[in-house]
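Scroll down for the structure; my scribbles are underneath it.
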Amino acid sequence: MSCQTPIQTVFDTIMKLEDAGELATYIPELAHVDPNKFGVCLSTVDNRQFSYGNATDRFSIQSIAKVLALSMAYKMPGGEIWERVGVEPSGSPFNSLVQLEADNGIPRNPLINAGALVICDILLSNLKNPLADFMTFIRDVADNPYLNYSHRIAESEKSVGYRNIALCYFIKSFGNIKNHPKDVLEFYFMLCSIEMSCVELSRTFLFLANQGRKTSDNKEILTLSQAKRINAIMQMCGFYDESGEFAYEVGLPGKSGVGGGIVAIHPNTYSIAVWSPRLNKKGNSYRGMKFLELFTTETASSIF
Ligand code: GLU
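Adding 1252 to a residue's 1-based position in the sequence shown gives its number in the working numbering.
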């Protein structure tokens, strides 16, 4: 079945509604993005693609990249991840410090900032050239040698990254960061500033819809069990303290970022990326959430 018609119908419906969100301005560079951009792309496991709107414009994928960092760290020998980070929804904002004190520096999950910093630390400990090796990994997963991160956005975030700096040093005080916090933060800011279009993003995440394997050459990125678990973590923790709402309204595992992107996975069927920069109060794309809610309803393609 072609998804082009439902994508366009839902897109046009959303365009007629008020876009009630606000741009993320706490990272100065993100405040310069055109707030009216709106793009969608759906990629299927049998290698078809349907896109609409500003689907080929690149944007800052921000926290969506945490899923890629987790995927790479999951492949590392030693299996220490789940001793150093949990798999429970935090129910708190993405950059919260409060739970860490009671939890002895073990972040609730790998998709909040605290957890992603620990994942970055694991990558740093295991990779020879962390930055280059990570970029090689995502370019391979995406079948796209042109993917990159924005120095400008990384620097912009670094210039105001007080909370992430506090988080990293706080976790270090519990012994759950092994490398120098400066190096971990440098890597984290790079990770958050990776840029992709909806077309590239939906394509990159297709391995999570395809049981951990690339659809182009069947190469295993993650085992079936690992892919299941990452989807489960996205379902429970992918939308800050609105993960329950996303499951309730959309019914797919996914991950959002403060750049206004959302990627969602229908296991064994498709990966869909939406981008609209205005965010709701919880930090998720206002139109992106609405689009996915209507799209999974229209196509009866929630996993529930
Ligand atoms: N780079 C952002 C931060 O750490 C990521 C936030 C997000 O997209 O959730 O504040």
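All residues carry an ideal CB built from backbone N, CA and C; glycine is no exception.
- request: For residue 1427, count neighbouring Cβ atoms within 10 angstroms of its own Cβ and tell me buried if that reaches 16, exposed if not.
  value: exposed
- prompt: Which partner residues does residue 1507 have in the DSSP bridge list?
  reply: 1515
message: On the CB-based measure, 16 or more other CB atoms within 10 Å of its CB, does residue 1300 come out buried or exposed?
response: exposed
Whole-number beta carbon distance between residue 1282 and residue 1259, since they are thought to touch under 8 Å: Contact flag wrong, Cβ pair sits at about 26 Å.
- request: Please report the Cβ distance between residue 1560 and residue 1538, rounded to the nearest whole angstrom; I am assuming they are in contact, meaning their Cβ atoms lie under 8 Å.
  value: This structure cannot settle anything about residue 1560, because the visible part of the chain is limited to 1253 through 1556.
Alpha-carbon to alpha-carbon, residue 1532 and residue 1510: 10 Å
task: Give every residue of the same chain whose Cβ lies closer than 7 Å to the Cβ of residue 1409, excluding the five residues on either side of it in the sequence, and list them in chain order.
output: 1279, 1441, 1444 and 1445
- prompt: Would DSSP call residue 1490 helix, strand or coil?
  reply: coil
- request: Inspect the beta-carbon positions of residue 1364 and residue 1346 and report whether they are closer than 8 Å.
  value: yes
field: Nearest neighbour of residue 1450, chosen from 1349, 1439, 1502 and 1303 [CA to CA]
entry: 1303
message: In this structure, how does DSSP classify residue 1427 when only helix, strand and coil are distinguished?
response: coil
query: Regarding residue 1498 and the ligand GLU, is the C-beta to nearest heavy atom distance less than 7 Å?
result: no
message: With the cut-off set at 8 Å, would you say residue 1318 and residue 1359 are in Cβ contact?
response: no
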